[in-house]
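Residue numbers (the numbering used here): 4 to 226.
Yeah, the Cβ is synthetic: ideal placement off N, Cα and C, and Gly gets one too.
Below you'll find the structure, written out as structure tokens, and then a few comments.
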Amino acid sequence: MEFFLDTADTAEIAALSEILPIDGVTTNPTILSKSGKKPADFFAELEGVLTPEQKIIAQVIAPDKEGMLADARKINQIRGGKNIVVKIPVTTEGYKAMKAAVAEGISVLATGIYSPDQAFWAAKIGVDYLAPYVNRMDNYGDGVGQVAELIQTLKQYGMKAKVCAASFKNTAQVHKLLAAGTPAITVNPAVVRAMIGHLGTPFAVDQFNADWQAAYGTCELGL
Ligand code: E4P
Numbered sequence: 004m005e006f007f008l009d010t011a012d013t014a015e016i017a018a019l020s021e022i023l024p025i026d027g028v029t030t031n032p033t034i035l036s037k038s039g040k041k042p043a044d045f046f047a048e049l050e051g052v053l054t055p056e057q058k059i060i061a062q063v064i065a066p067d068k069e070g071m072l073a074d075a076r077k078i079n080q081i082r083g084g085k086n087i088v089v090k091i092p093v094t095t096e097g098y099k100a101m102k103a104a105v106a107e108g109i110s111v112l113a114t115g116i117y118s119p120d121q122a123f124w125a126a127k128i129g130v131d132y133l134a135p136y137v138n139r140m141d142n143y144g145d146g147v148g149q150v151a152e153l154i155q156t157l158k159q160y161g162m163k164a165k166v167c168a169a170s171f172k173n174t175a176q177v178h179k180l181l182a183a184g185t186p187a188i189t190v191n192p193a194v195v196r197a198m199i200g201h202l203g204t205p206f207a208v209d210q211f212n213a214d215w216q217a218a219y220g221t222c223e224l225g226l
């Protein structure tokens with residue numbers, strides 16, 4: 004499975020990549036614009052903290068098919084088409100752009116997905132990834148459950164599109180989608196850090212150290 008970081012914070016990407024096997028980075032226009040960086044500077048900086056094997060997943064900006072396709076080609080060229088994925092929203096124009104981009108061999112992630120039906124059509128077009136916005140879907144109903152069902156639907160038809168579950172606000176949502184077997188997921192750094200941090204762990208480690216020190220009078224292994 005693939006685990007991506009949903010952020011434009013390159014310092015956090017570098018820090019978390021050192022700790023965990025991160026498969027790449029996703030951004031969207033909101034995330035990137037809030038970083039305060041110029042797009043070209045951001046992508047140059049990103050290359051400095053990622054290995055060529057870690058994927059970059061970036062979104063088109065134009066609202067119409069031709070504009071999205073032009074954006075998709077530019078994004079695809081950032082890495083000469085290797086380990087680069089273009090996010091295209093599931094608007095009417097977006098579906099047209101997806102069809103054209105897939106036909107050109109560009110790797111596409113269908114984004115802005117609020118319903119399994121939107122995801123189904125993007126999968127039928129032949130995109131590589133589908134990004135259902137789990138937390139936003141949860142605001143309207145059982146987002147986690149709908150995405151878990153989507154994973155099964157895609158399996159049932161043998162469709163190649165992978166769910167890349169997105170938009171998480173807490174670790175419980177992430178946990179449920181991992182348990183449902185999501186093949187890919189993108190999570191912001193704060194939630195990733197919440198996944199690996201638990202107050203009980205330092206307590207347990209302090210106890211180990213105290214017991215060792217009490218018995219052997221040292222913190223060395225002694226072998
Ligand atoms: C990722 O692909 C999405 O753009 C992102 O997860 C949306 O998250 P949000 O609902 O927190 O904006």
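Same chain, Cβ closer than 7 angstroms to residue i, neighbours up to 5 away in sequence not counted
i, result
"Asp67", "Glu96"
"Arg82", "Ile59"
"Ala168", "Pro135, Val137, Val150, Leu180, Thr185 and Ile188"
Closest residue to residue i among the options (Cα-Cα distance)
i, options, result
"Phe171", "Val150, Glu69 and His201", "Val150"
"Pro24", "Leu8, Ile34, Ser36 and Ala164", "Leu8"
"Ala43", "Ile128, Lys77 and Ile16", "Lys77"
"Ile91", "Ile81, Gly84 and Lys102", "Lys102"
"Thr114", "Ala193, Asp145 and Ala164", "Ala164"
"Met4", "Thr204, Gly203 and Gly184", "Gly184"
"Val227", "Tyr160, Trp124, Glu21 and Met140", "What is shown of the chain runs 4 to 226, which leaves residue 227 out entirely."
"Tyr117", "Val166, His178 and Ala175", "Val166"
"Ile59", "Tyr132, Lys99, Leu72 and Gly70", "Tyr132"
"Thr94", "Glu107, Gln216, Val63 and Glu152", "Val63"
"Leu157", "Trp124, His178, Leu202 and Arg139", "Trp124"
"Asn79", "Phe46, Val194, Ser36 and Lys99", "Phe46"
"Ala122", "His178, Asp12 and Tyr98", "Tyr98"
"Ala197", "Ile34, Leu19, Asp12 and Ala11", "Leu19"
"Val190", "His201, Ala175 and Lys40", "Ala175"
"Gly70", "Ala104, Gly84 and Lys41", "Ala104"
Start and end residues, alpha helix (DSSP H) containing residue i
i, result
"Glu69", "Lys68 to Gln80"
"Thr174", "Thr174 to Ala182"
"Glu15", "Thr13 to Ile22"
"Leu49", "Pro42 to Val52"
"Ile128", "Pro119 to Ile128"
"Leu35", "Pro32 to Lys37"
Supposed contact pair residue j and residue i - C-beta distance, whole angstroms, cut 8 angstroms
i, j, result
"Leu1", "Val88", "In the structure displayed, the chain extends from 4 to 226; residue 1 sits before or after that span and is not available."
"Leu180", "Val208", "Actually they are not in contact, since the Cβ atoms of Leu180 and Val208 sit about 29 angstroms apart, beyond 8 angstroms."
First through last residue of the beta strand (DSSP E) which encompasses residue i
i, result
"Thr29", "Gly27 to Thr29"
"Gln57", "No beta strand (DSSP E) contains Gln57, which DSSP labels as neither H nor E."
"Ala169", "Segment: none, Ala169 is in no beta strand (DSSP E) and carries neither H nor E."
"Ile91", "Ile87 to Pro92"
"Ile188", "Ala187 to Val190"
"Asp9", "Glu5 to Asp9"
Interface flag, residue i vs chain B, CB-CB below 8 angstroms
i, result
"Gly108", "Within the model displayed, chain B is absent; a lone protein chain is all it includes."
Residues near residue i in its chain [Cβ-Cβ closer than 8 angstroms; skip 5 each side]
i, result
"Ala182", "none"
"Glu56", "Asn86"
"Ala17", "Val52"
"Ile199", "Ile22 and Leu23"
"Gln216", "Cys222"
"Tyr219", "Gly225"
Nonlocal neighbours in the same chain, by C-beta distance under 6 angstroms from residue i, ignoring five residues either side
i, result
"Lys127", "none"
"Ser110", "Val88 and Asp131"
Give every residue whose Cβ lies closer than 6 angstroms to any heavy atom of ligand 1, listed in chain order. Working through the chain, the matches are Asp9, Thr29, Asn31, Thr114, Ala134, Tyr136, Asn138, Arg139, Ala169, Ser170 and Thr189.
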